[in-house]
Structures are given as structure tokens and as C-alpha cells.
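Written out below as C-alpha cells is the structure these notes cover.
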Amino acid sequence: LAPEQLVLPVTESATGPTKEKVSLTTPGSKSISNRALLIAALGSGTVRVKNLLHSDDTQFMLAALKSLNAADFEWEDNGETLVVHGGCGRLNVPDKELYVGNAGTASRFLTTVLTMIPTNEGAKNSAAVLTGNARMKQRPIAPLLDALKANQAQIVSTEKEGFLPIAVTPNGGFKGGRIELAASISSQYVSSILLCAPYATEPVELALTGGQVISQPYIDMTIAMMESFGAQVERLPENTYRIKQTTYKNPEHYLVESDASSATYPLAIAAITGTTCTVTSIGSSSLQGDAGFAVNVLRPMGCTVVQTETATTVTGPPIGQLRPLPEIDMETMTDAFLTATVLAAVTSTEDKSEAITRIHGIANQRVKECNRIAAMVHELTKFGVQASELPDGIQIHGKAIKDLKSPKEGVHTYDDHRIAMSFSVFSTIVPHGTIVTDKKCVEKTWPTWWDDLEGKLGVRLNGVDLNPRLDQQHNLGRAQKPKTTQPVDRKKSMIIIGMRGTGKTTLGQHAAEVLGFQFVDVDQYFEKTLQTTITEFINTWGWDQFQNRQVLKKHHSQGGKVLHLVRDLSQVVKYLNRDKTRPMFGEDMLNVWSRRRTWYREVCNYEFTAYAASLLENGFVSPTEWVAIKKDLQRYLNFIWGRDTNHVNTRQGLPTTFVSLTSKDLSGCLDTLVEVCEGADAVELRVDLLKKPEEREDISDIEYVGEQLALLRRTVSIPVIFTVRSQGQAGAFSDNDETGMFELLTWGQRWGCEYLDVEMCWGSAAIEKLVAQKGSSLIISSWHDVQKVTPWDGKAIEAKYELGQFGDYVKLVGVAESIHDNYKLEAFRASKQNLIAINMGAAGQLSRVLNECLTPITHPALPSKAAPGQLSLKEINKTRHLIGLLPAQSYWLIGTPIQHSMSPTLHNTGFETLGLPHRYGLLECHMVEYAEDAILKDPHFGGASVTIPHKVSVMKYLNEVTENAKMIGAVNTIFVRETLENGEKKRVFVGENTDYMGIEKIYLWNRTSAKAYDLQKAFEGSIDIHVIESLEEKINPGVIISTVPADSGIELPEHLFGGIKGIICDMAYKPRRTKLLLQAERKGWSCVEGIEVLIAQGIAQFEIWTGKRAPNHKIEEEVLRKYEL
């Protein structure tokens, strides 16, 4: 599940490189797959296409052809066979823009296809638009566009001339005749025109200009495929081709050849590790130029190569004995140059002279998924390998394997599948292992590459995560909440807008304090700068001049933030009439708001609702409400600036869940909302189920959703999943309102929701736009197989998984008719990452128990379940225990005297509430040695609370102690962490201290001064401690903490409570209101009872042990109930 892959060298394994002769088949060719899709769609008749590559690129091509109404498609054999019913050249202007991601082949081919559309009559749009992601928009296409424009095609680049996006207006079809095309940059331009040429209104004569033609084998492949579908291509002198008019004739069956570029990787592993590998699907009869890699590259480097028409076998020389290639032209196999490059990096010569390899003919690789030549030079340099760019290639100096140094930050793959797979080959011999980042990029051409690398090629892999993570032992167990702390970019200001009275000044000052920004009151700055009042300016120039929308739009288009601050207008109106500094427009404020609300929402890219339940009699928000609003705003700001994203840690090895709310109006169930969310890692707001009450005519539907979200956040702090489920996906939102759907999802992003659920069934353009602006929000791409058309053991569900890769998580939901459907799901899940996969229905409940990543759950207090078969967290945990996935553990309180402790009530209440099988008991002993058996010998020991007199002596049993505990010199919590050591599980005992609080300066008084000075010395350099000899000293504390027994008889001098009204905490908790607390309360101080501290530190222990959020409400309720008995 980790985002990065650690590739361990075969040279360091106990058994060395594999001795077995490996044989495997590579996936279908991307180049052939896309050509076959296009030709079959344009052809006549029905063809069954097998071994089609299931990847992003082919999915984009298939989706585009469907949008163009080019053909009819259906799957057979559980997704193994694509049936294409050719449309004989039928093409219509699509209703939506065609989006191709970073698929170069699809974008170039479709460019010419769009010129074939004969007319826009009856179409929704006048032009067909083709676009891609940010990288695709940087890849040149000008030579192809110039050639087509010269052929009377009406094409316009809508952003940057010569690049995507383009808009093509139908002009009677593809004209044909003589076409001149510069083919020195990409052979895909040539193939694009060739593939469409049979359908031109005149016979095509295509002349290639501009010097040497790039990648001739790919052009030959295109012609061979055209001819296999009945087209006639005549080769003329001087790189000219004549294509006759015809219609492709689809054969009954077409088998897509395996990918020859992909075949270079397993063969290269054999070469670099001195082993033997056979690729059974690529031989001398291949259409692809890269099929010659073994014969023309590996054999000269010292490998033994045997190639038949349909298979290639390579045996490498002993490790370290690959030979350099002084000069090699790889123009016929450009994609394979990356594989050759990593092999060249470890070449040597017999005479010990410098091993230099120079690869030429690969200039087109600078305009692929990235500048591949520059990327290879940069990444090899990290290993200590000398490499440099040539005008049309790369030069590499071979280096001894023992001298290679793996980069700590890993190999950057540039989201390029070829770079990732090439360096995975290289990593098989690099000492100490190599990290390959963004490992999912290989799915573009070989979705199962990492599985095959380990399972078939015998290379050991480990998943790693280079991103900062919270260490459980340092963060009181809240491992499910990974914080990302990023510095705020102070070059980008945040502008707060909103109606008067919403709190812009008060909350703006708070925001500046949170972010460390300077606060500027625009009203004051405006009047000071222009030397006029706002009233005078508006009377002279008007409101339109005062409210400059374009300035705000430009600000957030350039990366700034425009935050719209919203409050209940009925509350605002109560005191706005007091403000005489601006005119009131001569109309009611609510009318002004109804007119301006659209304006505010048009210019902002973020919105925060300052929710107040009620007002004081004077019309002001109460101080308590303001504190809550500021707390909400701080959480919101930290999220949108990426400082604390509050996301769920799904990589910690513990199951995670989210509770699905089904209420129409949250205001009616606030009293149960905390209970409903207890133990869940996140909460799903089902927007499609919300229903605005009829009496709330004062707000729009969007505003109502924003208010509901604010209510939810005020009540619970866990992350929010913002979901608008459509009817076709088992929800209530219209299937025919894409605009409304993505308007709501966009607002979910602007409101700072941690997760957005985005259904795969919507248009790619709308999805891409949302993903591009998601900010700190994570995307859950979802698919609910309500119609039972994507069984778990079919290729269609694999395609859905690939389609959902635009999301940070993929959620796939099926329907179980029997227990066996769950087994099929688990087989599907086994090789997937960041996957939420469950079955609906009673028969599918097992899948919910086995799913470990963000399982949707329900709660008995909810009005209904969000989906059939949903279970509560308690039911899931109990079932996991019954089937052996959640063993019961023992927890103890160790110390004396402890017979009256509330800790068993606290922890056992938590365990029972969440359905955990654990038990917490008392282990009273005067000597810590009597606890040895419980700690060291019980395999079910999960942890312990430690109290006097053992907080120090227990440390001798621990393997580790946290920094907190080291600083304090005592332990009050033991937890167990499992690690792997030499392949075996080992239990590590860790000591923590949850009594610790981060305080910068402490005044310390003790009845025995010498002990106070000892403590001061122990914390020297960590905390500023001032020892006071007498309580009569003149100090003004803001916080007082007492750790003496309640019956000590100590009273504090009155002057300590003077000056400010602070907070006092008495750690003694019997009685609840101690004498000291009563004294402070009379002075107006806020009091914290010892029982509150006990509960808080106990909850911290609970979360350390379980890794889950404690059910605070239930725990506190039960402890206080028992306490009063």
C-alpha cells in the first residue's frame, strides 16, 4: 500500500540471484492497442479484440471513441475480449470535451480523427475539443496541426499555439490530397494521418519533410496494421506514401501483440543479474521495433540471446561483466533507450579502460511523458554515475557496482512508467536497496509490474513511505491522524470578503495570528491611502468601482486565497443599523445580500461559515461562541494551507472506518452526533440525503449544505467525507445533472472538506477540473455496481480500478449474492493499493469486516443505514475477533494503592463501546518484580498504566523510552509495538508519559526546597524552571497546578490569584471540588478537577494502545457515574 517501492539487490540476498529459468508474457502493446481500437472503430463489421492493454491510455482512447459515436463496444469473457461493432467512419461532435490525460498516442491520433467529422448539424457544440492534463499541454503537436490546417482543417489552439487544448470545427470531413508533414519530432504525427487517410474525401499522398524520419518502425507498424484491416498503402520514393480511399474491413478476431518495450525490462534483469529469462510473446516476427532490443543491444553487451519468431531468451554474463556500447543508434527502438542506459551504467571493459556508452537517435524522447534524456542523466547522477546529454542522445560512463550509492531520497520517476521500470531493473544490483518513488506510474503499461518483479522475477520488494508520519509513541497514540506541517507561503496573501457584520475584522485578526501574517483592515487602508471616506468614494464613483471583482479573481487565479466569510444574516441584521460609516443602499440588508451573494461566490475560492447557535440579548455573539468559531476557523485555515490536513492514516496497519450519516437535517440530531461518530476515523456527510426544511426559505440549497457542514464540524473533529451520491450509484441525486453535481463537489473543496467522493460515471473533463483544484482535499473515486455488471473476477472491474486512479483512494462496491462473492473480492483486493472494496447486501457483510481501508459503517442511533448490509463499528470489531483478526489483549494498572482507581471503568468502557475484546484490570504490587510475568511472559499483554511507586523502576523492563518520558524521568504508560527483525516478529516494549504538558516557563514550589532544585536541574536546557523558596514571592501565574494530596491543608496566598483570572488544576480528585479549587473559584478562576485530568490522560493511553480515537463521551459519562456512587 506504500507509495514508494524499496527494491532490494539480488546480490545481497541469502541465496543470490534466482537460479531458475524465468518465463513470462508481457501485457499487450499500448501502441498496437490504440491503433487497433481506432481502426476497428472506423471499420465495417464486428471484430473481437483480445490481449488489449488495460491502461489509462487505452481507456482514454476508448472513452473518446465512444463520445464521438464512432462505434459500439461491449466486453466478453469477463473483460478478456473487447467486441467492436465498427461504425464505418461514423463520427459526431461530442457533447463534452475529449480528455486524454497524458496519453500522447491517443492525443495525436484523435487530432486527425476530429477533422474527419463531416458536420456539426444537430450537435450540442459547434466544435470538438481535445484536451489533456498539464503535462500533455506542454507536449508539442504543432507540425501535425500545421499539416492539417494546410489541408483546410479548421483547428484552433485555445490556450497556447501549437499545443493542446484544440478546438476542431467540422468542415465537410478530412480533405486529403497531397499533405506535407514534418516528421522529425514524432512518428505519431505520421501514423495519425495514415490511420485516417482511407476516409479522406480525396486519395491522400503523404510526403514526410524535415530531414530524417523519427521512429520508422512505428510507421511500418501502422501501415502493417492498416493493411491487415484491408487498406492499401503504396510506398513512393522520398518518404512519400499514397493511400487509397476505402473502408477498413474488420476481421472476426484480432490479437494485440504483447508490448516489446515492456519486454526489455525482464530481459534486462537477466542481463544485469547474470540469470536467464524468456519472454514468450515477443520474437523476430514482431511488428514493433523494440523487439530487436535483445539482438541489437543485449547481445553486443555480452549476453547470450536466442530469438525465435515468437519468443526471446536472454542469459546475462556474470554480474559486473556487461560491456559498453561505444556507439549505438536506437532510433528504431527509442523507448528502449532507458533500459539500455541503466545497463550501460554498470558496464566495464576487459582492459579496465573507461567504459563509455553513447546512445544516438533518441531526440524524440525529450517530448515524452517528461524529458526522458535529462531525467536519466539527473537520476543516474544521484547514484554517482557520470552521464551527460548529447544533441540526439545520451552518454554514460560505466561504474563498478560496489561503488554505486543509492540516493536517500530515492529515484524520482517524473510520473513516467518507463523511468520507474528502468530504475527498478538498475536497483536489482545497487548495494543496500533503492527506493523508487510514485510506483503507481507503471500502471500506464504494466499494471502488475511490481507483483511480477517479485513473484516471477524473484526480486525482493518492500513498501516504504518517505512522507513525514507521526510517531505513535510521541503523539499519544493518535496515529490515525497524520499531520502535514508545511511552511505557509507568505508571498500569497489571503483576502477575506463578506457582508458587514460577519466578523471579518475579528476573525481576520485571528487568522493573521494563526498564519503568522500581517493583518490589514482594507477599510482603514483604503481611506488612509485615498484620503477620503468610503461613503464619499461610493457617492462619487459608485459601488461597482469600489467592488473590483477582477482584482479578486486575478488574485486566486495566481495562487492566492480569497475567503468568503458567511454568517446567518438574520443574526447580522440585528446590529448592522448601528454602523453609519457606509450607506445602506436605501434598502433592506437581506435584499442586498440576496443580490450580492452570487458576486461573493463568484470571486472566492474558499468559504468559511462562522456558525453561532444563538445571540445574546444585545445582538452580539457570546464569548463562548466566538471561542468555538475561532477554533473552527483555526482548523479550517490549517487545512487549506496544508499545515494540518487532518487526514486519516490508512498506512499504519490498523483498520480504519468512516460513519455514514443519513439524516436530512443535522440540527435535529446534534445530541446523538457525538455518540454516532465515536470510534470512527472519519464521518461521511451524505449531501444527497440532506433536505432543507420548508421554513428555511431565507437560504439557498448550497448555503444550507454549508451550514450543515459547519454544524457537523462544530460537533466533531474527525475528518469529513463530502459525498453526493447519484441515483444510478445507489443515492438520491439526479443522474442527469452533472453541472449541479460538480458545483456541490466544488463547494465541498472550498469548504475545506478533507475528502471528496467523486463518482467515476461522470465526464472526465469535469472530474479533471475538480481534481486540478482539489487543494488539500483528497479524492475518493467511487463506483457502485448496482446493476451487477462488473463482477470481481472480470476485466471490467479491473478497468474500473484503473479508471479510478484519478483519486487518492478508489472505492469499488459490488453486490454479494452468496459468500463466494466475498472470496472473489478478496482475490481482487490482494494486489491493489489505496482500495476501499466491499459488497452490499447481507451476504456481503463479511467483505466489510475484511476491508481495512476506510470501511463505511453505521450506528444504531442513526435513522437508517446508508447502504444494505452496513455494520456498526462494534459489530465489525466483534466479528474480526471471532474470525481471529483481532486477538484479545490484557491491559493492567500497576502500582499501589490502586483498589479505588477509576482506570478499569475508563478503559473497559472504551473497549466495550467500540466492541474491542480487550480487558483492563488491576495488578497491585509493592515490588515491580511481581509484574514481570504480566509484562514479559504473557503473549497477550497489550500495555499498562503505571502509577506510584513503580514509575521509575518499571523502566528496566522496557526496550525503548520516549523523549517525553526521558525528560520527566518516569513512565506512566507502557505500550507494545511489533517489529520485524531478521524476518521474525518481535515485541518491543515502549515507555511513555502522558502526564507531560508542553510548558515554556514554570515557577516551582516544594515543601522541601532541595527536591525542587533537583527537579530544576533534571530539566535544565529543556524547560525554564524558576524555584521559589516561598509562596509569598511576588509572581503572577496564569496557570496553577497542584500535585499535593487533597488533605495536605495547604492554602495559597491571596495575591497569587490577583491580576488575571487564570486556570487552576488540582491533580487530587477526591473530593471532586477540593479546598484549593473552592478557594480559586471564589476568585473567579477557571477550575480543572483532578478527575478531568485522570480521564484525559486515560484517554491518551487508550488511543496509544488501540491506535483509535477513544469514545470520549461514553468514557467520561461512565467514569463520572461510577465516581459519584
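So the number in my numbering is just where the residue sits in the sequence shown, counting from 1, plus 19.
Where is the CB? At the ideal position from N, CA and C, for every residue including glycine.
For residue i, name the three-state secondary structure that DSSP assigns.
i	result
C623	coil
M80	helix
Q908	coil
T765	helix
C296	strand
W65	The residue asked about is misnamed: residue 65 is Thr in this sequence, not Trp. Looking at T65 - three-state DSSP - the assignment turns out to be strand.
W94	strand
Y284	helix
E948	helix
E253	strand
Q24	strand
G605	Caution applies to G605, whose pLDDT of 48 falls short of 50 and renders its modelled position unreliable; the value that the coordinates give is listed next. Reduced to three states, the DSSP call for G605 is coil.
I648	helix
E845	helix
A1115	helix
Roughly how many angstroms lie between the CA atoms of residue i and residue j, to the nearest whole one?
i	j	result
T617	E140	35 Å
R1092	S1061	13 Å
E253	S247	14 Å
N610	W560	22 Å
C1084	S1105	9 Å
E446	A701	Correcting the residue identity first, residue 446 is Ser in this sequence and not Glu. Each residue's alpha carbon lies about 38 Å from the other.
P162	H379	23 Å
S972	L925	25 Å
K819	D434	21 Å
G1017	A1115	Its pLDDT being 44, under 50, G1017 is placed unreliably in this model, and the value from its coordinates should be taken loosely. Cα to Cα, G1017 sits roughly 15 Å from A1115.
P319	H431	30 Å
W94	G833	18 Å
D690	E703	18 Å
Q537	M518	22 Å
K475	I392	30 Å
A243	A55	11 Å
D952	E979	19 Å
A498	K156	Interpretation of A498 is limited by its pLDDT of 33, a score under 50 that renders its predicted location unreliable; the figure taken from the coordinates is listed afterwards. Spanning the two alpha carbons is a distance of roughly 40 Å.
K746	N624	Per the sequence shown, residue 746 should be read as Gln rather than Lys. In a straight line, the C-alpha of Q746 is about 29 Å away from that of N624.
L423	F312	25 Å
I174	P113	16 Å
V735	L43	52 Å
P236	Q307	6 Å
E694	T45	52 Å
Just grab the DSSP bridge partners of residue i for me.
i	result
L149	L117, I185
V995	F1008
A289	The partner list for A289 (beta bridge, DSSP) is empty, contrary to what the question assumes.
D756	Answer is none; D756 lacks a bridge partner.
Q414	R377, S407
A701	F677
D776	T742, I799
V990	Answer by DSSP bridge pairing: none, since V990 is not bridged.
L941	L912
Can you give the beta carbon distance from residue i to residue j, rounded, assuming they're within the 8 Å contact cut?
i	j	result
G698	L892	5 Å
V132	V103	The Cβ separation is near 15 Å, so there is no contact.
L61	Y267	6 Å
S964	L912	5 Å
V396	A406	5 Å
Y976	H937	Their Cβ separation, rounded to whole angstroms, is 20 Å, which puts Y976 and H937 out of contact at 8 Å.
State yes or no: is the beta carbon of residue i nearer than 7 Å to at least one beta carbon in chain C?
i	result
T353	Among the protein chains of the structure shown there is no chain C, as only one such chain exists.
Can you check the segment 307-367 for any beta strand (DSSP E) of at least 3 residues that lies completely inside it and give the ranges in chain order?
-> 323-326, 331-334
Mind listing, in chain order, the continuous beta strand (DSSP E) runs of no fewer than 3 residues lying wholly within the segment 196-243?
-> Counting only runs of 3 or more, we get 196-201, 223-228.
Output the residue ranges of the beta strand (DSSP E) runs that lie fully inside the segment 421-475 and measure 3 residues or longer, sorted by chain position.
-> 453-455
Start-end ranges of the beta strand (DSSP E) lying completely within the segment 1044-1086, minimum 3 residues = 1058-1061, 1082-1085
Can you list the beta strand (DSSP E) stretches of 3 or more residues lying completely in the segment 847-934, in chain order?
-> Whole beta strand (DSSP E) segments, 3+ residues: 854-859, 874-876, 909-914.
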